[in-house]
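Taking the working numbering, the leading residue of the sequence shown gets 83, the next gets one more, and so forth.
Cβ coordinates follow ideal geometry from the N, Cα and C atoms, glycine included.
The structure appears below as structure tokens.
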Amino acid sequence: MKKKIFLIITLSVSLVILVILVYVLSYQDNSFDDRTEASLNQKGLVDLYVYPNVGDCSSGGKQLGVDCWEEATGIQEAIDAVPNAEELVDHRIFIREGTYIRSDEQELPEATLAGKHTHKCNFLSKDKNVNLIGEGINNTIINGIGFVDEFGLCVVGGKVSISEIHFDRFGEGDSGIGTGIVADNAYLTMQNNRITSSRTYALVLIDGASGLIYGNELVNNNYAVQVWIEDDTSVSNFAFKNNIFDVREIAIVVTPNQRFTALFENNLIRSGEKAFSITRKASKVTLVNNVIQAGRTGISTEFEITDDFNIRYNAINAGENILSIGGEDRSELLLDNQELDNIFEDPILDWATFRLQDSSPCRNTGDPDILNPDGSRSDIGAYGGPGACLLDESIDGCRSQADLDGDGEVNMQDYSVFVRDYLKHKREGVLNERSDLNSDETINMQDYALFVREYLHVRRGSQ
Ligand SMILES: [Ca+2]
Ligand SMILES: [Ca+2]
């Protein structure tokens, strides 16, 4: 106990000193972030910074000592400023903390989806290779309120990665599509985002889209994911890992073709009606280590199950039937097949946090070939498997970003490493990437804030 109090006091004092130190240094220097010079990144590519208060560089920008780029006064303008994809390069758009609402005076861009349907999009990325990077799902929020029946972000072609952004309230009207994000013929990477309160779907994936969907929260929508493939020649390949899908109607709706493969591993898939629905045969779909919880039907298909539809090590619970094929209750196919190692008990989750309770039968009963971060046999559900660290870095075995010296602990030594790196960057322009926690190629207050957040988080988690 004494040790703990001592630690807390030491930490508090040190933090106060560092805050003062950083403040003094930044004050002396006057343009703390140096964005005008640093806007060419190390690969010689343009990084763009978007702030809230679109077009008003005197507020968000000036406070951080940033000269606003004319092209970066809004999210769409930043996307438009990225050259069209000719090769795979890492253009980055940092969307700074704040709430973004598109002005209704701006004309919405249109996208043609599935080769024939024209839709309006709040934001459109067409044939771009670009990374959209927010400052965390509690900080960077793109709000669709006021735009009825349309898409939030349309990704058509190219290779787009989206991380640390909350997309909220797209298409709130009573009719129409109202979708958070749609990808058509694009390679989409989504990591650590949140999509809430879309009118219908959080995420729609159309003909030829592929990608990695890791550590996202798609909650409080009617549907979480729709895969909508009309073109029989298109090829799609997806991995969904450690996501939380919690919706009212159907969590996952897949209408694939025979060239579609998908892996759903360690997700939480919950719905008031159906959890997982697949209407046509795919090349291969694997469900492993998922918690599948449905008000009515757990898994619904329109075809007989073969090896191409692999359902193992899941915890499946449903109000009416575990498995329905062609509208008929065929639950016995899963209930009686012990080789698949699915379990059908209450997963004993805390539904407010989506975490397993201590008595949960999902602990260490997942696929033995998949391991938890601490090396033990995997848990079933979103907080199991190696990707659990995406949702919570304080889980045993996760290496915290704040563990700067890599010794497996977050303590005062890491804090001195940060100060050293910070000063070296400040004075000599040397960038030690370990202390650039938000990967924007500068070490500043934002990294410090992330460090402190991690530090306190890990400390709390380890108590
Ligand atoms: Ca350490
Ligand atoms: Ca940084």
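Here lysine 508 is buried: its Cβ has 16 or more other Cβ atoms, across all protein chains shown, within 10 Å. Fully contained in the stretch 319-366 are the following beta strand (DSSP E) runs of length 3 or more, in chain order: 326-337, 342-347, 350-353, 356-360. By the criterion of at least three beta-carbon pairs nearer than 8 Å, the stretch 376-383 is not in contact with the stretch 431-449. From the listed residues Gly234, Gly226, Ile219, the smallest Cα separation to alanine 193 is found for Gly234. Spatial neighbours of serine 406 in its own chain (CB-CB distance under 6 Å, excluding positions within 5 residues in sequence) are listed in chain order as Thr379, Ser382.
If only complete runs of 4 or more residues are kept, the stretch 394-451 shows the alpha helix (DSSP H) at 414-417, in order along the chain. Between the alpha carbons of aspartate 390 and glutamate 312 lies a distance of about 20 Å. A check of alpha carbon separations from histidine 201 across Leu214, Ile351, Gly216, Ile263 identifies Ile263 as the nearest. Around the C-beta of histidine 199, fewer than 16 other C-beta atoms lie within 10 Å, and the residue is accordingly described as exposed.
For glutamate 475, the CB contacts under 6 Å within the same chain, skipping 5 residues up- and downstream, are Ser482 in chain order. One Cα belongs to leucine 453, the other to asparagine 446, and the distance between them is close to 9 Å.
DSSP places arginine 378 in the coil class of the three-state scheme, outside both helix and strand.
Ranked by Cα distance from valine 501, the options Arg276, Glu217, Ser442, Ala484 are led by Ala484. Check the Cα spacing between isoleucine 326 and each of Gly469, Leu214, Asn166: the tightest is with Gly469. If the five residues before and after serine 280 are omitted, its C-beta is found closer than 7 Å to the C-beta atoms of Phe252, Gly253, Gly260, Thr261, Gly262, Asn303, all from its own chain and listed in chain order.
Cβ contact annotation for alanine 344 (same chain, cutoff 6 Å, sequence separation greater than five): Phe320, Val367, in chain order.
Closest in C-alpha terms to alanine 284, from the list Ile215, Val301, Ser316, Asn213, comes Val301. DSSP, read as helix, strand or coil, puts cysteine 236 in strand. In terms of CA proximity to leucine 486, Tyr504 leads the group Leu473, Cys471, Tyr504. Rounded to whole angstroms, the Cβ separation of glutamate 410 and glycine 377 is 19 Å, and the two are not in contact under 8 Å. Assignment of beta-bridge partners to glutamate 159 by DSSP yields no partner. Threonine 524 counts as buried, since at least 16 other C-beta atoms from the protein chains shown sit within 10 angstroms of its C-beta. By the Cβ-count criterion, isoleucine 227 is exposed, with fewer than 16 other Cβ atoms from all chains shown falling within 10 Å of its own Cβ.
For glycine 226, no pairing in a beta bridge is given by DSSP.
Straight across, the Cα-Cα distance linking glutamate 347 with glutamate 510 is about 45 Å.
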